[in-house]
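Trainee: Have a look at this one.
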Amino acid sequence: GQQVMQIPQYQHVQEGEDFTTYCNSSTTLSNIQWYKQRPGGHPVFLIQLVKSGEVKKQKRLTFQFGEAKKNSSLHITATQTTDVGTYFCAGNGGSQGNLIFGKGTKLSVKP
Amino acid sequence: KAGVTQTPRYLIKTRGQQVTLSCSPISGHRSVSWYQQTPGQGLQFLFEYFSETQRNKGNFPGRFSGRQFSNSRSEMNVSTLELGDSALYLCASSLGVSGEPPLHFGNGTRLTVT
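Chains as they are written, first to last, in our numbering: chain A, 4 to 114; chain B, 394 to 507.
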């Protein structure tokens, strides 16, 4: 079945450093979504990418969708302590049609 | 609008027992999805209900079941609990089917099986 892999599993950065998490799907996706889960909280929707090669920005966050619509990335510029949490990608495109989540990248930021 | 409400927040059960978790979606949302979250495994899809019909099911044993009522509220049942069922169970609702964002998650039910 459809699988969504996400790397790295953990990332520790110094405040001000950049951060990137990568997401790869075993199948072509119709769209990819990104969620953030703060410690002790629940996942919160960040963005959806639909078009091949799409790039979207939210302040210091840049989201990309690959040309083949099988991979995506989230890049945070100049991390802040408020960026701490686990970032999940979620792909939709398998025969089942449900959203499949990657295992997430846990980001910690040292002040 | 009120968010997604899950009850109870915490549950402690012993092996062999069964448990029922409840989820009230955001008003007007017709889709409810359930996920199991464990450390290192991320969010694993259990099932999705849309307008009282199970639309999709993940790779979980038949001990895991669910249903959705006409008011879109959903329940999830786990029978013959095993230690490995200890996890955070998250419910998410959306206006349309789960592939159409955003998914709105509840705070989850933390289940501990002893």
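Even for Gly, the Cβ is constructed at its ideal location relative to N, Cα and C.
Helix, strand or coil for Leu496 of chain B? Go by DSSP, reduced to three states.
Mentor: As a first step, residue 496 of chain B is located in the second sequence; it is residue number 103 there, counting from the start. Three-state DSSP puts Leu496 of chain B in coil, outside helix and strand.
Trainee: To the nearest angstrom, report how far apart Gly43 of chain A and Thr84 of chain A are at their CA atoms.
Mentor: The count along the first sequence starts at 1 and reaches residue 43 of chain A at position 40. The count along the first sequence starts at 1 and reaches residue 84 of chain A at position 81. Rounded to the nearest angstrom, the two C-alpha atoms are 16 Å apart.
Trainee: Excluding the 5 residues flanking Val87 of chain A on each side, which residues of the same chain have their C-beta closer than 8 Å to its C-beta?
Mentor: Residue 87 of chain A sits at position 84 when you count from the first residue of the first sequence. Here the set comprises Arg41, Pro42, Leu110, Ser111 and Val112.
Trainee: For Pro46 of chain A, decide whether its Cβ has a neighbour in chain B, counting only Cβ atoms nearer than 8 Å.
Mentor: One-based indexing of the first sequence puts residue 46 of chain A at position 43. It does: the Cβ of Pro46 of chain A has a partner Cβ on chain B nearer than 8 Å.
Trainee: On the DSSP bridge assignment, give the partners of Leu481 of chain B in chain order.
Mentor: Counted from its first residue, the second sequence places residue 481 of chain B at position 88. Answer by DSSP bridge pairing, in chain order: B:Gln430 and B:Arg503.
Trainee: Look at the alpha carbon of Gln14 of chain A and the alpha carbon of Gly435 of chain B, and state the distance between them as a whole number of angstroms.
Mentor: Translated into the one-based positions of the first sequence, residue 14 of chain A becomes position 11. Translated into the one-based positions of the second sequence, residue 435 of chain B becomes position 42. The alpha-carbon atoms of Gln14 of chain A and Gly435 of chain B are separated by roughly 16 Å.
Trainee: For Gly477 of chain B, decide whether its Cβ has a neighbour in chain A, counting only Cβ atoms nearer than 8 Å.
Mentor: On the second sequence, residue 477 of chain B is found 84 positions in, with the first residue counted as 1. Answer no: the Cβ-Cβ gap between Gly477 of chain B and chain A never drops below 8 Å.
Trainee: Would you list the one or two residues that DSSP bridges to Arg63 of chain A?
Mentor: On the first sequence, position 60 is the one that residue 63 of chain A refers to. Paired residue(s): none; Arg63 of chain A is not in a bridge.
Trainee: Give a yes or no on contact between the stretch 62 to 79 of chain A and the stretch 399 to 410 of chain B, applying the rule of three or more CB pairs nearer than 8 Å.
Mentor: Cβ pair count under 8 Å is below three, so no.
Trainee: At least one CB of chain A closer than 8 Å to the CB of Gly501 of chain B: is that the case?
Mentor: As a working note, residue 501 of chain B is residue 108 in the second sequence. With 8 Å as the cut-off, Gly501 of chain B counts as an interface residue toward chain A.
Trainee: List the residues that DSSP assigns as beta-bridge partners of Val471 of chain B.
Mentor: Translated into the one-based positions of the second sequence, residue 471 of chain B becomes position 78. Answer is B:Val412 and B:Phe457, bridged to Val471 of chain B.
Trainee: Compare the Cα-Cα distances from Gly459 of chain B to each of B:Ser487, B:Ser424, B:Arg503 and B:Thr505 and report the closest residue.
Mentor: Here residue 459 of chain B is taken as the residue at index 66 of the second sequence, counted from 1. It is B:Ser424.
Trainee: Just the chain A side, please: which residues come within less than 8 Å of Glu441 of chain B by C-beta, in chain order?
Mentor: Against the second sequence, residue 441 of chain B aligns to sequence position 48. In chain order: Asn101.
Trainee: Which partner residues of His15 of chain A appear in the DSSP bridge assignment?
Mentor: Locating residue 15 of chain A in the first sequence gives position 12, counting from the first residue. DSSP lists A:Ser111 as partners of His15 of chain A.
Trainee: Anything in chain A within Cβ reach of Phe457 of chain B, meaning under 7 Å, just list it in chain order.
Mentor: As a first step, residue 457 of chain B is located in the second sequence; it is residue number 64 there, counting from the start. Neighbours of Phe457 of chain B on chain A: none; closest Cβ ~15 Å, over 7 Å.
Trainee: Beta carbon of Val425 of chain B: closer than 7 Å to some heavy atom of the ligand NAD?
Mentor: As far as ligands go, the structure on display features none, and thus does not contain the ligand NAD.
Trainee: Quick one: what's Thr23 of chain A bridged to in DSSP?
Mentor: Position 20 of the first sequence holds residue 23 of chain A. The bridge partners DSSP lists for Thr23 of chain A are A:His78.
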